[in-house]
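Peer 1: Here it is, the structure, as structure tokens.
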Amino acid sequence: MIDIEGKVKEIMENGLREIREAKDIDKLNDVRVAFLGKKGQLTSIMKAMKDVPAEDRPKIGKWVNDARASIENSLDLMREKLDEAQQEAFMKAETIDVTLPAKTPIAGHRHPNTIALEEVERIFIGMGYEVIEGPEIEYDEYNFTKLNIPANHPAKDEQDTFYITKDILLRTQTSPVQARVMEKGHLPIRMISPGRVFRSDEVDATHSPSFHQIEGLVIDRDITFADLKGTLDVFAKELFGPETKTKFRPHHFPFTEPSAEVDVSCFKCGGKGCRFCKGEGWIEILGCGMVHPHVLEMCGIDPNEYQGFAFGVGLERIALLKYEIDDMRLLYENDIRFLNQF
Ligand code: DAH
């Protein structure tokens, strides 16, 4: 008769040895299958039991069960050990090297338009002005009619204005905010209103269908052209330097009377004439005037009691001048090599 006890012992010892030699969990699973699985070595002994005399079966059953228990126990211990080792290996691999230099965070840059706007806002807030915004989608009534711009004015042509309906359009100027603020009737008024405006223009170095303006409006008793001149002179000196001189040239805007365009002495050459000011010595920067009495009336203000002045500045114009940028398109292209310079 074959030596079953010796065979079981041999299987067990082989099993225990293979468990000891297992390097990882996968290998350990292979061992489990090879010895304890359905077709495993110990299982096959149990299967052969039917050929054994009945009186020997309990004895053999005990050997096999003991061997199985021993292998299972050993498998459990080994599994624990391998798990721990794996954890440790993970931890080692995960170690953070605190001596590595940190990634330098890339700080963004303010857009030249934003820098120029904040500069203008700073100057006027310093003189007690409020900053008030108005809608970019505007009624024809506010954009034109209430500003004394008659129905046959060329600015109302579809070639110049983006219409949404007959009565609603993309505002062509920030001036409608004047009417909106005056209508509210909280006097006196001292405000600037920056924002985007739209005109049906072809893109080139000095034109864009969308650009920005800053409107200004002051309404109070006893406001004269001298207040307008003084205010804009301070503004020009703050913006372009204390040596800056201003020149008021008569002009026409429908909503102001009298109206003027303002030039500043060239801050490059001091007024002598250079390439920058095209030899003029002066650079045009804005439009302004005394608010037209009819505009005041249309907005519910009595022109005999209150007067005021208004002005409108192109924001891009200021940014281009201040940073000596020669093409407006650069302001909209979002080229990081350009923006990085500010
Ligand atoms: N709205 C004018 C324009 O777009 C600019 C302007 C001129 C605004 C004179 C004013 C002003 O408030 O008084 O051309």
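So the sequence shown is numbered by the numbering used here: it starts at 116 and just counts up by one.
Each residue gets a CB set at the ideal place from its N, CA and C atoms; glycine is no exception.
1) Does the ligand DAH have even one heavy atom less than 8 Å from the beta-carbon of Ser323?
2) Examine the Cβ distances between the segment 224-233 and the segment 256-275 and report whether three or more of them are shorter than 8 Å.
3) How long is the line joining the alpha carbons of Ala222 and Glu372, rounded to whole angstroms?
4) Roughly how many angstroms separate the alpha carbons of Pro227 and Asn455, rounded to a whole number?
5) Would you call the CB atoms of Val179 and Met161 closer than 9 Å?
6) Does DSSP put Phe313 in a helix, a strand or coil?
7) What's the gap between the Cα of Asp272 and the Cα of Glu431?
8) Taking DSSP as the reference, what is the three-state secondary structure of Met64?
9) Pair every Cβ in the segment 346-358 with every Cβ in the segment 407-416, then say whether three or more of these pairs are closer than 8 Å.
10) Rounded to whole angstroms, how far is the Cβ of Thr276 from the Cβ of Ser315, which I believe are closer than 8 Å?
11) Suppose only complete runs of 3+ residues qualify. What are the beta strand (DSSP E) ranges in the segment 345-415, listed by chain order?
12) Whole angstroms are fine: how far does the CA of Thr339 sit from the CA of Phe363?
13) Look at Ile240 and Val246 and say whether their C-beta atoms are less than 9 Å apart.
14) Would Ser290 pass as a contact of Glu330 if the rule is Cβ separation under 9 Å?
15) Decide yes or no for the touch test of the segment 401-409 against the segment 303-311: beta carbon pairs closer than 8 Å, at least 3 of them.
16) Please check the pair Leu347 and Val377, which I expect to be a contact at CB under 8 Å, by giving their CB distance rounded to whole angstroms.
17) For Ile186, tell me which candidate among Ile451, Glu170, Glu128 and Lys154 has the shortest Cα-Cα distance.
18) Going by the beta-carbon positions, is the gap between Leu343 and Ala294 smaller than 9 Å?
19) Count the other CB atoms within 10 Å of the CB of Tyr244; is the residue buried (16 or more) or exposed (fewer)?
20) I need the boundaries of the beta strand (DSSP E) containing Gly423, first residue and last residue.
21) Between the Cα of Gly429 and those of Gln422, Tyr421, Ile416 and Ile400, spot the shortest distance and give me the residue it belongs to.
22) What span of residues does the alpha helix (DSSP H) with Ile329 cover, start to end?
23) I'd like to confirm the pairing. Which residues does DSSP put opposite Leu284 in its beta bridges?
24) Can you list, in chain order, the residues of its chain with a C-beta nearer than 7 Å to that of Tyr257? Leave out the 5 residues immediately preceding and following it.
25) What is the rounded straight-line gap between the Cα of Met242 and the Cα of Ala217?
26) Just mark Tyr421 as buried or exposed, buried being the case when its beta carbon has 16 or more other beta carbons within 10 Å.
Peer 2: Let me spell this out:
1) The beta carbon of Ser323 sits no closer than 8 Å to any heavy atom of the ligand DAH.
2) no
3) For Ala222 and Glu372, the distance between alpha carbons rounds to 47 Å.
4) 10 Å
5) yes
6) strand
7) 24 Å
8) Within the shown structure, residues of the chain are numbered from 116 to 457, placing residue 64 beyond reach of any answer.
9) no
10) 6 Å
11) 361-368, 371-380 and 397-406
12) 15 Å
13) yes
14) The beta carbons of Ser290 and Glu330 sit closer together than 9 Å.
15) no
16) So it is a contact: roughly 6 Å between Cβ atoms.
17) Distance from the Cα of Ile186 is smallest, within the candidate group Ile451, Glu170, Glu128 and Lys154, for Glu128.
18) No, the pair does not count as a contact, with Cβ atoms beyond the cut-off.
19) buried
20) First-last of the beta strand (DSSP E) with Gly423: Gln422 to Gly429.
21) Ile400
22) From DSSP, Ile329 is part of no alpha helix (DSSP H) but of the beta strand (DSSP E) over Ser325 to Asp335.
23) Glu253 and Tyr278
24) Pro291, Ala294 and Arg295
25) 45 Å
26) buried
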